[in-house]
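Contents: one structure, followed by commentary.
Residue numbers (this note's numbering): 52 to 233.
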């Protein structure tokens with residue numbers, strides 16, 4: 052890193068790299084033959100610990116998890132909602148959640164982690180598709196995300212949709228004071 056408050060590294064050393072481990076220094080070389088030399092002035096501790104089998108990486112907080120939590124608790128979107136189906140099939144793809152409200156209106160719900168305009172457009176296409184089926188009765192749309200961008204809010208409202216921001220950790224039952232790494 053550069054001195055003087057810079058935060059971007061001067062040498063990225065993009066993979067794949069090779070490492071030569073000498074007693075007092077390491078030499079890292081990238082495919083472009085650029086090198087980074089790391090000099091070890093003093094070793095304070097050298098510990099090796101067996102960590103067991105690699106459990107693999109499991110992503111938390113992906114859209115599918117959010118959708119699953121909302122399907123289990125549709126009231127987190129709006130009081131009075133009852134889940135009809137998750138991944139409701141249409142000719143243009145599945146609608147994340149389809150519910151009915153207290154007035155028996157069909158509510159199509161599009162779920163995103165980050166609510167942007169393309170998600171509102173997607174919900175619009177789903178609503179248009181559902182409106183072709185007169186047996187469904189009245190239909191409305193709700194756009195749900197952890198954070199809905201200002202432009203998406205304006206577009207959703209202009210299309211007659213509600214937008215709702217939900218807290219993923221709250222849906223999981225985590226309290227704000229629980230210890231978290233990130």
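Idealized CB from N, CA, C, for every residue including glycine.
| Query | Result |
| --- | --- |
| CA nearest to the CA of residue 128, picked from 224, 217 and 223 | 217 |
| Pairwise C-alpha distance: residue 106 and residue 140 | 34 Å |
| Between the CA atoms of residue 102 and residue 185 - distance to the nearest angstrom | 59 Å |
| Boundaries (first-last residue) of the alpha helix (DSSP H) holding residue 116 | 114-123 |
| Check whether residue 238 and residue 132 have beta carbons under 8 Å apart | No answer is possible for residue 238: it lies beyond the span of the chain, which begins at 52 and ends at 233. |
| Inter-residue CB distance, residue 40 and residue 171 (contact presumed, cutoff 8 Å) | Here the chain covers residues 52 to 233 and nothing more, so residue 40 does not appear. |
| Secondary structure of residue 126, DSSP reduced to three states | helix |
| Span separating the alpha-carbon of residue 150 from that of residue 100 | 51 Å |
| Alpha helix (DSSP H) segment containing residue 170, residue limits | 168-181 |
| Separation of residue 66 from residue 8, as counted between CA atoms | Residue 8 lies beyond the stretch modelled for the chain, which goes from 52 to 233, so this question has no answer here. |
| Reference residue 189; option with closest CA among 159, 206 and 72 | 159 |
| Proximal residues to residue 118 (C-beta, below 8 Å), its chain only, five neighbours per side dropped | 137, 147, 148 and 162 |
| Backbone secondary structure at residue 220 - three-state DSSP | helix |
| For residue 98, the first and last residue of its enclosing alpha helix (DSSP H) | Unbroken run through residue 98: none, as it is neither H nor E. |
| Bridge-paired residues (DSSP) for residue 76 | 90 |
| Short Cβ contact (8 Å threshold) for residue 75 with residue 91 | yes |
| Proximity below 8 Å, CB of residue 223 to CB of residue 197 | no |
| Cβ-Cβ separation, residue 214 to residue 226 (assumed contact under 8 Å), whole Å | With a Cβ gap of about 26 Å, residue 226 and residue 214 do not count as contacting. |
| Per-residue burial, residue 183 [other beta carbons within 10 Å of its own, 16 or more giving buried] | exposed |
| For residue 148, the three-state DSSP class (helix, strand or coil) | strand |
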